[in-house]
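Peer 1: Below is a structure I'd like to ask you about.
2 protein chains.
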Amino acid sequence: MKFASYKSGRDGQLHIVSRNLKRAFRITDIAPSLRECLDNWETLLPDLQERHQRINAAGQVDNAKRFHTPSCSAPLPRATQWLDGSAYVNHVELARKARGVPMPDSFWTDPLMYQGGSDNLLGPCDPITGNPDWGVDFEAELAIITDDVPIGCSAEEAHQHIMLVMLCNDLSLRNLIPEELGKGFGFVQSKPPSSFGPVAVTPDELGHYWQEGKLSLPMQVYFNDQPFGHPDCAVDMTFNFHELIAHAAKTRPLGRGTIIGSGTVSNKDKSTGSCCLVEQRMLEIIASGQPQTRYLQPGDKVRIEITTPDGQPLFGAIEQTFTGSH
Amino acid sequence: MKFASYKSGRDGQLHIVSRNLKRAFRITDIAPSLRECLDNWETLLPDLQERHQRINAAGQVDNAKRFHTPSCSAPLPRATQWLDGSAYVNHVELARKARGVPMPDSFWTDPLMYQGGSDNLLGPCDPITGNPDWGVDFEAELAIITDDVPIGCSAEEAHQHIMLVMLCNDLSLRNLIPEELGKGFGFVQSKPPSSFGPVAVTPDELGHYWQEGKLSLPMQVYFNDQPFGHPDCAVDMTFNFHELIAHAAKTRPLGRGTIIGSGTVSNKDKSTGSCCLVEQRMLEIIASGQPQTRYLQPGDKVRIEITTPDGQPLFGAIEQTFTGSH
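Residue numbers (UniProt numbering), protein chains in the order written: chain B, 1 to 326; chain P, 1 to 326.
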């Protein structure tokens with residue numbers, strides 16, 4: 001099943017979307033919002049599945065039922081938890097090199113994760129705002145929405161707690177990060193709201209591409225309409241989503257609706273490009289001593305999506321333009 | 001007005017509570033939960049005020065209407081944001097000394113704040129669980145619930161965005177903190193869910209004790225029924241709540257229902273005691289080279305409350321027992 005939240009109020013309006021992302025039916029008669037749908041998932045499942053079959057069998061699409069990405073908020077426009085891992089340790093190593101901070105060896109065995117703000121998540125086409133001097137950067141990631149996860153859940157048990165999978169653009173204010181992380185308490189000012197792809201999908205929609213908490217497909221990133229990166233999400237993912245869940249739940253339970261991100265997708269094979277600007281800048285510094293790529297400037301556009309090898313859409317696309325300060 | 005959420009489902013059941021905390025009326029006919037009450041605050045205000053007047057005028061209390069703290073969840077059992085400041089820099093200095101980390105001078109002018117988990121907040125009488133080896137500590141704090149706060153809100157403008165004030169017990173796993181903070185991304189495993197006092201109150205309920213985003217009353221902390229600390233919340237509060245809001249909103253808006261904590265209340269005058277165990281341990285180390293106070297052991301009890309000088313309750317009490325691991 002694929003779900004979208006159309007912009008409406010604080011929690012959005014629940015829609016079910018066809019597999020090919022052509023059709024969307026409002027299903028607020030089943031649950032007003034995705035939050036309430038998750039809250040009552042077990043009870044609602046038969047109705048959701050019936051609607052899922054109906055939308056995928058439907059024929060002609062009239063305009064009222066055509067899926068419209070710009071109408072979407074984040075699937076959960078306000079969530080109760082957003083935790084972002086750094087599963088692609090290769091990216092962490094490059095990002096730290098860029099800020100001149102060495103990386104401890106333990107980062108290859110103990111996941112890095114931060115707690116982010118989840119009160120105001122952005123939709124897939126919402127503008128990216130902010131002061132260009134802050135060094136605004138995008139980061140293309142995968143993210144999951146979990147079920148209730150008991151404290152101490154092991155990685156082996158964690159697979160059963162993944163309810164939905166999404167695309168994410170985790171925005172970062174690169175020029176504010178060194179000073180804020182230097183204070184030792186993590187990110188507050190240097191991580192503005194993240195944005196999410198238009199649809200959240202159940203893992204079964206990903207077929208054999210989804211295995212062992214990893215997705216074996218390239219993350220497709222375009223910067224100002226040019227290909228920028230296409231690393232495979234399953235390659236060089238040091239920690240799969242099961243391990244990220246176990247890390248997050250080590251000392252506390254996770255509430256249903258928790259979003260966990262993978263961190264910026266990154267392959268060691270640099271011919272696959274990058275999923276964020278800082279990594280590209282670091283590669284330029286290593287190659288020539290100087291970065292050529294700038295952080296986001298007003299008018300810059302980023303597009304993030306994942307399709308199957310034959311071009312079938314999975315999550316829809318994030319397409320955002322940086323507009324500078326409000 | 002004073003509000004409580006009785007345990008029920010994921011968001012609790014909204015009650016209005018009399019000023020003296022003797023009576024509670026269920027007001028789910030106005031809004032099912034505090035979250036929905038906040039979402040529609042402007043529309044519901046006349047009804048809430050009418051009920052507020054009625055409960056404070058009410059005479060006899062039958063059992064059905066007697067306010068019952070153990071029935072309470074946190075006022076917002078799952079929130080969309082929990083940010084905890086460290087407004088009492090004196091505490092920060094002592095806590096860092098205890099972990100052997102120096103404190104930069106900038107901490108006196110730039111607030112320290114971390115993003116915490118808000119998916120599973122504890123009620124005032126919920127047990128504290130966890131492995132005693134983790135070094136479980138309590139921290140008595142004040143916390144506010146904000147309105148929507150625009151990005152870039154100044155401290156001067158921030159006062160109008162405080163909707164409710166609460167007590168908080170921000171739990172910490174002291175023995176996990178040094179290694180996790182050493183990773184540089186803040187707290188995930190070393191901060192389990194925080195607990196909150198039974199009622200959230202509008203600032204006008206605090207009368208002249210609430211001024212300039214500070215509360216001029218002692219935080220009363222009892223450890224195993226013995227007085228442990230009574231520092232004044234307005235003394236040595238380097239950053240008031242207005243400044244904490246401005247810090248949090250510098251690069252992003254805050255959604256209505258955001259909880260911001262003050263950090264552990266702490267006065268330089270050490271005759272006022274402490275609001276957490278680590279501070280007491282640090283004072284013992286400074287005095288004798290060795291800590292005598294242990295972190296929480298199964299059966300240990302903590303009680304946190306604030307009353308007026310003549311003993312009138314304001315927020316009710318947090319009363320928790322540490323039970324060890326589940």
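Just so it is clear, CB atoms sit at the ideal spot from N, CA and C, and this is done for glycine as well. All of these numbers come straight from a predicted model, not from anything done at the bench.
As a quick exercise: from P:Leu-45, P:Asp-148, P:Leu-167, P:Asp-269, pick the residue whose alpha carbon is nearest that of Gln-160 of chain P.
Peer 2: Here the closest residue by C-alpha is P:Asp-148.
Peer 1: Using DSSP with H/G/I as helix, E/B as strand and the rest coil, what is Met-282 of chain P?
Peer 2: Met-282 of chain P: helix per DSSP, three-state reduction.
Peer 1: Report yes or no: do the segment 39-56 of chain B and the segment 129-145 of chain B share at least 3 C-beta pairs separated by less than 8 angstroms?
Peer 2: The segment 39-56 of chain B, when compared against the segment 129-145 of chain B, does not touch it at the 8 angstroms Cβ threshold.
Peer 1: Which one or two residues does DSSP pair with Glu-180 of chain P in a beta bridge?
Peer 2: Answer by DSSP bridge pairing: none, since Glu-180 of chain P is not bridged.
Peer 1: Helix, strand or coil: which one does DSSP assign to Thr-321 of chain P?
Peer 2: Of the three classes helix, strand and coil, the one that applies to Thr-321 of chain P here is strand, per DSSP.
Peer 1: What does DSSP give as the partner residues of Tyr-6 of chain B in its beta bridges?
Peer 2: B:Gln-13, B:Cys-72.
Peer 1: Suppose the cutoff is 6 angstroms on Cβ atoms and the five residues either side in sequence are ignored; what does the same chain contact list for Gly-257 of chain B look like?
Peer 2: Here the set comprises Leu-38, Ala-79, Thr-80.
Peer 1: Spatial neighbours of Pro-298 of chain B within its chain, please: CB distance less than 8 angstroms, with the 5 preceding and 5 following residues excluded, ordered by chain position.
Peer 2: Excluding sequence neighbours, Pro-298 of chain B sits near Pro-132, Phe-322, Thr-323, Gly-324.
Peer 1: Note down the Cα distance separating Trp-82 of chain B from Ile-144 of chain B, rounded to an integer number of angstroms.
Peer 2: Each residue's Cα considered, the two are about 10 angstroms apart.
Peer 1: Distance check for His-15 of chain P and His-242 of chain P, CA to CA, integer angstroms please.
Peer 2: Computed Cα separation, rounded: 28 angstroms.
Peer 1: Taking all protein chains shown into account, decide if Val-278 of chain B is buried (16 or more other Cβ within 10 angstroms of its Cβ) or exposed.
Peer 2: By the 10 Å Cβ count, Val-278 of chain B comes out buried.
Peer 1: Within 10 Å of its beta-carbon, does Ile-286 of chain P have 16 or more other beta-carbons around it, so buried, or fewer, so exposed?
Peer 2: The residue is exposed, with fewer than 16 neighbouring Cβ atoms inside 10 Å.
Peer 1: So within the segment 227-294 of chain B, which uninterrupted beta strand (DSSP E) runs reach at least 3 residues, ignoring any that extend past its ends?
Peer 2: As far as the segment 227-294 of chain B is concerned, its whole beta strand (DSSP E) runs of at least 3 residues are 259-261.
Peer 1: Starting from Asp-39 of chain P and walking both ways along the alpha helix (DSSP H), at which residues does that stretch end?
Peer 2: 34-39 is the extent of the alpha helix (DSSP H) around Asp-39 of chain P.
Peer 1: For chain P, is any of its Cβ atoms less than 8 angstroms away from the one on Gln-189 of chain B?
Peer 2: Answer yes: the Cβ-Cβ gap between Gln-189 of chain B and chain P drops below 8 angstroms somewhere.
Peer 1: Rounded to a whole number of angstroms, what is the C-alpha to C-alpha distance between Lys-183 of chain B and Met-113 of chain P?
Peer 2: Those two C-alpha atoms are separated by around 9 angstroms.
Peer 1: Name, going along the chain, the residues of the UniProt domain "Fumarylacetoacetase N-terminal" (1-78) of chain B whose beta-carbon falls closer than 7 angstroms to a beta-carbon of chain P.
Peer 2: Those residues of the UniProt domain "Fumarylacetoacetase N-terminal" (1-78) of chain B that come within reach of chain P (Cβ to Cβ, closer than 7 angstroms) are Arg-10, Asp-39, Arg-78.
Peer 1: If the cut-off is 7 angstroms on Cβ atoms, which residues from the segment 110-129 of chain P count as contacting chain B, listed in chain order?
Peer 2: For the segment 110-129 of chain P, which is checked against every Cβ of chain B, the residues closer than 7 angstroms are Leu-112, Met-113, Tyr-114, Gln-115, Gly-116, Gly-117, Ser-118, Asp-119, Asn-120.
Peer 1: I'd like the ranges of any alpha helix (DSSP H) spanning at least 4 consecutive residues and lying wholly in the segment 137-195 of chain P.
Peer 2: The segment 137-195 of chain P contains these whole alpha helix (DSSP H) runs: 155-158, 177-182.
Peer 1: Is Ile-30 of chain P helix, strand or coil by DSSP?
Peer 2: In this structure, Ile-30 of chain P counts as coil in the three-state DSSP scheme.
Peer 1: If you draw a straight line from the alpha carbon of Trp-210 of chain B to that of Pro-227 of chain B, how long is it in whole angstroms?
Peer 2: Rounded to the nearest angstrom, the two C-alpha atoms are 24 angstroms apart.
Peer 1: How many whole angstroms separate the CB atoms of Ser-190 of chain P and Gly-116 of chain P, which I take to be in contact at a CB cut-off of 8 angstroms?
Peer 2: Not really, about 11 angstroms apart at Cβ, beyond 8 angstroms.
Peer 1: Starting from Arg-23 of chain P, follow the beta strand (DSSP E) in both directions and report where the run begins and ends.
Peer 2: Note, Arg-23 of chain P: premise wrong, no beta strand (DSSP E); not H, not E.
Peer 1: To the nearest whole angstrom, what separates the beta carbons of Tyr-88 of chain P and Arg-174 of chain P, a pair I think is in contact under 8 angstroms?
Peer 2: The Cβ separation is near 17 angstroms, so there is no contact.
Peer 1: How about Lys-250 of chain B: is its C-beta nearer than 8 angstroms to some C-beta of chain P?
Peer 2: Output row for Lys-250 of chain B: interface = yes.
Peer 1: By the criterion of Cβ-Cβ separation under 8 angstroms, what are the contact partners of Gln-81 of chain P in chain B?
Peer 2: Ordered by position in chain B, the residues that pass the 8 angstroms Cβ test against Gln-81 of chain P are Gly-117, Ser-118, Asp-119.
Peer 1: Is Gly-207 of chain B buried or exposed, if buried means 16 or more other CB atoms sit within 10 Å of its CB?
Peer 2: Answer is exposed; the Cβ neighbour count stays below 16.
Peer 1: Just grab the DSSP bridge partners of Pro-132 of chain P for me.
Peer 2: Note: Pro-132 of chain P sits in no beta bridge, so no partner.
Peer 1: In terms of residue numbering, what span does the beta strand (DSSP E) encompassing Glu-305 of chain P cover?
Peer 2: First-last of the beta strand (DSSP E) with Glu-305 of chain P: 301-307.
Peer 1: Between the alpha carbons of Asp-300 of chain B and Tyr-6 of chain B, how many angstroms are there, rounded?
Peer 2: Going from the Cα of Asp-300 of chain B to the Cα of Tyr-6 of chain B covers about 25 angstroms.
Peer 1: Quick check: the Cα distance between Leu-181 of chain B and Ser-262 of chain B, rounded to an integer number of angstroms?
Peer 2: So the alpha carbons of these two residues sit roughly 20 angstroms apart.
Peer 1: Any Cβ of chain P within less than 8 angstroms of the Cβ of Lys-214 of chain B?
Peer 2: No, Lys-214 of chain B does not count as interfacial toward chain P.
Peer 1: If you draw a straight line from the C-alpha of Asp-170 of chain P to the C-alpha of Pro-127 of chain P, how long is it?
Peer 2: Each residue's Cα considered, the two are about 13 angstroms apart.
Peer 1: So for Pro-124 of chain P, helix, strand or coil by DSSP?
Peer 2: If DSSP states are grouped into helix, strand and coil, Pro-124 of chain P belongs with coil.
Peer 1: Quick check on DSSP: helix, strand or coil for Leu-215 of chain P?
Peer 2: DSSP places Leu-215 of chain P in strand when its eight states are reduced to three.
Peer 1: Please report the distance separating the alpha-carbon of Gly-100 of chain P from that of Tyr-222 of chain P.
Peer 2: Distance between the alpha carbons of Gly-100 of chain P and Tyr-222 of chain P is about 28 angstroms.
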